[in-house]
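A.B. asks: Residue numbers (our numbering): 9 to 140. Note that CB positions come from ideal geometry on N, CA and C, so glycine has one too. I have a structure here, written as structure tokens, and I will follow up with some questions on it.
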């Protein structure tokens, strides 16, 4: 999908589980997004700052630094105010969702997720939802 200015939307996947990352890679490739993946929470903030993605697909449970901490770090950085964050968690409780949204996440999806559901949420956040 194309962002403003004619370039492809950039998506950063922050996910430590390989099987989920493979599914996300497949979806991002099929949708035409530029994408990259890191598996460690400690490296996420630096990568977000250097690549300035349009969207971060952010797992909550990560090694070293949690997705919540990363989300909060992005929201506290005025230079990253336009970066969208879609949090993903296997613990899809209402409390987890409220916490993520309170920290500034733009969306929240529970694992395991349907690829169709994730695709629609990514399109919504990037402003390129298909017309019905």
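What does the alpha-carbon distance come out to for the pair residue 35 and residue 113?
C.D. replies: For the purposes of this step, residue 35 is identified with residue 27 of the chain shown, where counting begins at 1. For the purposes of this step, residue 113 is identified with residue 105 of the chain shown, where counting begins at 1. Cα to Cα, the separation comes out at about 21 Å.
A.B. asks: Looking only at its chain, what residues have a beta carbon closer than 6 Å to the beta carbon of residue 148, apart from the 5 residues adjacent to it on each side?
C.D. replies: No statement about residue 148 is possible, as the shown extent of the chain runs from 9 to 140 and does not include it.
A.B. asks: Would you say the segment 78-98 touches the segment 51-66, given that touching needs at least three Cβ pairs under 8 Å?
C.D. replies: The segment 78-98 vs the segment 51-66: in contact.
A.B. asks: Run through DSSP, which three-state label would residue 82 get?
C.D. replies: Reading the chain shown from its first residue, position 74 is the one you call residue 82. Helix, per DSSP.
A.B. asks: Report buried or exposed for residue 123, applying the criterion of at least 16 other Cβ atoms within 10 angstroms of its Cβ.
C.D. replies: Here residue 123 refers to the residue found at position 115 of the chain shown. When all chains shown are included, residue 123 counts as exposed.
A.B. asks: Mind checking residue 120: buried by the 16 CB within 10 Å criterion, or exposed?
C.D. replies: Mapped onto the chain shown, residue 120 falls at position 112. Per the 10 Å Cβ criterion, exposed.
A.B. asks: So for residue 42, helix, strand or coil by DSSP?
C.D. replies: Taking the chain shown and counting its residues from 1, the one referred to as residue 42 is at position 34. The answer is strand: DSSP assigns residue 42 an E or B state.
A.B. asks: In its own chain, which residues sit with a C-beta less than 8 Å from the C-beta of residue 25, not counting the 5 before and 5 after it?
C.D. replies: Locating residue 25 in the chain shown gives position 17, where the first residue counts as 1. Closer than 8 Å at Cβ, skipping near neighbours: 67.
A.B. asks: Mapping DSSP to helix, strand and coil, what is residue 92?
C.D. replies: Locating residue 92 in the chain shown gives position 84, counting from the first residue. It is a strand residue.
A.B. asks: For residue 115 versus residue 133, is the C-beta spacing smaller than 8 Å?
C.D. replies: For the purposes of this step, residue 115 is taken as residue 107 along the chain shown, with counting starting at 1. For the purposes of this step, residue 133 is taken as residue 125 along the chain shown, with counting starting at 1. The answer is yes: Cβ separation under 8 Å.
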